[in-house]
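Residue numbers (the numbering used here), protein chains in the order written: chain A, 628 to 977; chain B, 628 to 977. Ideal placement from N, C-alpha and C gives every residue a C-beta, glycine not left out. As the structure is a prediction and not an experimental result, all values here were calculated from the model. Accompanying notes for the structure given below.
There are 2 protein chains.
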Amino acid sequence: MTQVPSQLRPPTMADVARMAGVSHQTVSRVLGDHPNVRDETRAKVLRAIEEMGYRRNFSARALATRRTRTLGVVASNTTLYGPASTLFALEEAARAEGYFVSTVSLRELTVRTLSEALDRLSEGGVEGVIAIAPQRSAVEALAGLRHPFPVVAVGTGSGAEVPSVNVDQRLGARLATGHLLAAGHRRVWHLAGPEDWQEAADRTAGWRETLEEAGVEPPMQLRGDWSPLSGYRAGQELAGWVGRGLTAVFVANDQMALGVLRALREAGVRTPQDVAVAGFDDIPEAEFFAPPLTTVRQDFSTVGKRSIALLLDLIEGRTPSGTSSVAIEPQLVVRASTFPYIPQPGAAPG
Amino acid sequence: MTQVPSQLRPPTMADVARMAGVSHQTVSRVLGDHPNVRDETRAKVLRAIEEMGYRRNFSARALATRRTRTLGVVASNTTLYGPASTLFALEEAARAEGYFVSTVSLRELTVRTLSEALDRLSEGGVEGVIAIAPQRSAVEALAGLRHPFPVVAVGTGSGAEVPSVNVDQRLGARLATGHLLAAGHRRVWHLAGPEDWQEAADRTAGWRETLEEAGVEPPMQLRGDWSPLSGYRAGQELAGWVGRGLTAVFVANDQMALGVLRALREAGVRTPQDVAVAGFDDIPEAEFFAPPLTTVRQDFSTVGKRSIALLLDLIEGRTPSGTSSVAIEPQLVVRASTFPYIPQPGAAPG
DNA sequence: GAGGTCATTGTGAGCGCTAACAATTCATGG
DNA sequence: CCATGAATTGTTAGCGCTCACAATGACCTC
């Protein structure tokens, strides 16, 4: 019941035209919503299309128009919340503009894998590519690669030579760190993300700036790899500093914050009474951590829309609306991990 | 430095042929790895290709061969761990077979959205589609829809009229429930997933069977919507049954289990000493819940490979290797939430 | 009623590639 | 030295569509 194998070859526009008693060009006009087609003719054609189950051939159309209306996306770690959300938002935004999205997911972003991915997408006829490339190495690779289509980077930071769209990570870190200072903490410690990630560097920079502006010497900084496990290990180390000046930690993402929370708990350290913890990302689970996590939310939907808009500008040869580097404001979400008040789940906006 | 706008039109095969002093067909042969090309000629052609930065035109090739080598994927909730992992695995498997993947992510799977997605993918020239369609309504919609290409469903359960690939949810539920019974619990309660999800139904069925085979009357069953919040609410209700026969809960996914854990904790109920909790999915965070969560792991990589293999069989007109419904075994991962022993994070396999 | 305009439809030429077949070259053996 | 067949290369005809332009006819104006 699912397929229609009435003929071996699917019907062509000419077949439809013959059936409707018009020329193939008229069929094309109907399909293309051209104004100058008599209603009666249009109806005839539509009826024939319906009856034959005709569908326009993508390849022929693309060949004739020289447009595939397909965008490529290169991503890695697509099972992480951030990249997955970005991917989703990108596809949605692209579809809204009438474009298809062809994805290549990489296990790791190196010059080689990135280059292969771009080659592959090029063979796939994409008109442009979005690279979700948060590692610095990836940005450099991107800048050095030749490709016959425009590329927009997401999450690479704004300093790049490649047009990019970013959430303002530095601002997010300032919000979180500032919030902890405002809550009365003298110093704020920091568990940073991987050195190679631009977003990690930006978050660290925002944290450091905020402390320095407040006249506080930034304490020792730990480093993790985004994983809960690395957060757990860092948390064990942090637990050793409780009572020696540690009262607040800004963790570079929620997953590591989860590990930190667990390590602190196991060490008998209470959150937030003994140590306040703030994260970054606002993953859906963050609200249900023990305790619910204060964190920084990024608007991926906007990231997706802006990225697609920028890429399409580049494809159409338009001057991008604004600069070629877009920054999006993140938002602080305060929950119990930094505050003794425990809100009801579901009450917080998220 | 990134683009090569040396000529307005990108070079064609004929341009390369002219430069190499051969016919365009010879260029095509070189690109197609045809055996009967003299090494010397091949070298000439490759040099010309390199020099001109030539890339074969996707649309022209697809038109001539009548093959786009593109598969479609329809998915919803792609930011959830399961669907995101499946998506990733599908793309990887498709790429390994030389296919492109064009994704359409839906916010909700209804007959209408599904139908639109299939239409759209059809316009995009896909040769086949994978539908990550865990809702029953989606399966029905799929069965009733006409489409000019084969469709393979993932996560729909094996009973469907549509060829499908599934993790054996029932078996997973039996593993978890059996584990709890074996640990000495007299009864196992159950927080089920949304009624409309086949996977939820299968997990519930596995739970119920296991209890019945053990001669135990299944206790009241709660229902959530996969979210931590719904788990939290159910957890509050469950907390009221502690001391009245409730000692173990099998929760239909990890995120709800997270909510349950929090609710129990807030109610002063200890896990696993007072109530053991098992989840389903083994999301990366599960190991770092408080306490680390016993759960059921699904091998998405295998799901991806088998789905693609099945779809390609259908596309090529081959009889699918085996039946048209593939089941994949899940795996129980035991952690502290069902056992008084607390393993070190990182020690558990995952 | 001639001339003009507009709406509507048709015709022909590609888009850049591959498949099928034709033509050429080359090595080999009788 | 030429026939024989294999290896190598070239030629031609589409694949199914859109674009540019031509053709037709209806309608209007003076």
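Quick check on A:Trp824: does DSSP put it in helix, strand or coil?
A:Trp824: strand per DSSP, three-state reduction.
How many angstroms separate the CA atom of A:Ile942 from the CA atom of A:Leu838?
Distance between the alpha carbons of A:Ile942 and A:Leu838: 42 Å.
Use the C-beta contact count for B:Asn880: other C-beta atoms within 10 angstroms, 16 or more gives buried, fewer gives exposed.
Its Cβ being crowded by 16 or more others within 10 Å, B:Asn880 is buried.
Count the other CB atoms within 10 Å of the CB of A:Glu826; is the residue buried (16 or more) or exposed (fewer)?
When all chains shown are included, A:Glu826 counts as buried.
May I ask you to check if the CB of B:Thr653 is nearer than 7 Å to at least one heavy atom of the ligand GTP?
In the structure on display, the ligand GTP does not appear, and there are no ligands present to speak of.
Assuming B:Gln958 is part of the beta strand (DSSP E), what are its boundary residues?
Counting along the chain, the beta strand (DSSP E) containing B:Gln958 begins and ends at 958-960.
For A:Asp795, does the three-state DSSP call read helix, strand or coil?
In this structure, A:Asp795 counts as coil in the three-state DSSP scheme.
Going by C-alpha to C-alpha distance, which of B:Leu808, B:Gly833, B:Trp868, B:Gly851 sits closest to B:Gly820?
It is B:Gly851 whose Cα lies nearest to the Cα of B:Gly820.
Along the chain, which unbroken stretches of the beta strand (DSSP E) at least 3 residues long are found entirely within the segment 660-721 of chain B?
Here the runs fully enclosed are 697-703.
Going straight from the alpha carbon of B:Ala675 to that of A:Arg773, what length do you get?
So the two alpha carbons sit approximately 17 Å from each other.
Determine whether the beta carbon atoms of B:Val869 and B:Gly906 lie at a separation below 8 Å.
The answer is no: Cβ separation not under 8 Å.
On the three-state DSSP scale, how would you describe B:Leu808?
Three-state result, B:Leu808: helix.
Could you spell out where the alpha helix (DSSP H) holding B:Ala641 opens and where it closes?
It spans 640-647 - the alpha helix (DSSP H) in which B:Ala641 sits, taken as one unbroken run.
Below 8 Å, how does it come out for the segment 957-967 of chain B and the segment 920-927 of chain B: are there three or more Cβ pairs, yes or no?
Contact holds: three or more Cβ-Cβ distances are below 8 Å.
Is B:Ala758 helix, strand or coil when you go by DSSP?
Three-state DSSP puts B:Ala758 in a strand.
Helix, strand or coil: which one does DSSP assign to B:Gln882?
Correct three-state label for B:Gln882: helix.
Report the residues of the segment 874-896 of chain A with a CB closer than 7 Å to any CB of chain B, ordered along the chain.
Listed in sequence order: Gln882, Leu885, Gly886, Arg889, Arg892.
Please give me, in chain order, every unbroken run of the alpha helix (DSSP H) with length at least 4 that falls completely inside the segment 871-951 of chain A.
Whole alpha helix (DSSP H) segments, 4+ residues: 881-893, 927-943.
Under 8 Å between the Cβ atoms of B:Gly699 and B:Gly751?
Against a cut-off of 8 Å, the Cβ pair of B:Gly751 and B:Gly699 comes out as a contact.
My output table needs one value for A:Thr783: the three-state DSSP class, helix, strand or coil.
Note: A:Thr783 maps to coil in three-state DSSP.
List the residues of chain A whose Cβ lies closer than 8 Å to the Cβ of B:Phe715, in chain order.
Thr705, Thr706, Ser732, listed in chain order.
When the Cβ atoms of the segment 786-805 of chain B are set against those of the segment 852-869 of chain B, are three or more pairs found closer than 8 Å?
Output reads no: the segment 852-869 of chain B does not touch the segment 786-805 of chain B.
So, are the CB atoms of B:Phe715 and A:Thr706 less than 8 Å apart?
Result yes, Cβ atoms of B:Phe715 and A:Thr706 sit closer than 8 Å.
Under the assumption that A:Val816 contacts A:Ala875 (Cβ atoms under 8 Å), give the Cβ distance between them as a whole number of angstroms.
Just to set this straight, residue 816 of chain A is Trp in the shown sequence, not Val. Their Cβ separation, rounded to whole angstroms, is 7 Å, which keeps A:Trp816 and A:Ala875 in contact under 8 Å.
Which chain A residues are close to B:Val728, counting only those with a beta carbon under 8 Å from its beta carbon?
What B:Val728 touches in chain A: Ser729, Thr730.
Between A:Tyr1039 and B:Thr695, what straight-line distance do the alpha-carbon atoms span, to the nearest angstrom?
This structure cannot speak to residue 1039 of chain A, because chain A is shown only from 628 to 977.
Using the beta-carbon of each residue, which ones in chain B are nearer than 8 Å to A:Ala917?
Within 8 Å Cβ-Cβ: Leu888, Arg889, Arg892, Ala917.
With respect to the alpha helix (DSSP H) encompassing B:Thr965, which residues constitute its N-terminal and C-terminal limits?
That residue, B:Thr965, is in no alpha helix (DSSP H); it is neither H nor E in DSSP.
Using a cut-off of 7 Å between C-beta atoms, extract the partners of A:Leu749 located in chain B.
In the sequence under discussion, the amino acid at residue 749 of chain A is Ser, which differs from the Leu named in the question. Under the 7 Å cutoff, chain B gives Arg682.
Leaving out five residues before and five after B:Val738 in sequence, what residues of the same chain have Cβ atoms less than 6 Å from its Cβ?
Correct list, in chain order: Ala768.
Could you compute how far the alpha carbon of A:Arg656 sits from the alpha carbon of A:Arg945?
Computed Cα separation, rounded: 27 Å.
How far does the beta strand (DSSP E) with A:Ser732 in it reach, from first residue to last?
That run of the beta strand (DSSP E) goes 727-733.
Could you check how far apart the C-beta atoms of A:Gly842 and A:Arg801 are, in whole angstroms? I think they sit under 8 Å.
Not a contact, Cβ separation roughly 15 Å.
Taking a cut of 9 Å between CB atoms, which residues from the segment 830-851 of chain B lie near chain A?
Result list empty, no residue passes.
Looking at chain B, which residues of the segment 686-704 of chain A have a Cβ within less than 7 Å of any of its Cβ atoms?
Within the segment 686-704 of chain A, the residues whose Cβ lies closer than 7 Å to some Cβ of chain B are Ser686, Ala687, Ala689, Leu690, Thr695, listed in chain order.
Look up B:Gln848 in the DSSP assignment and give the residues it is bridged to.
B:Gln848 is bridged to B:His817.
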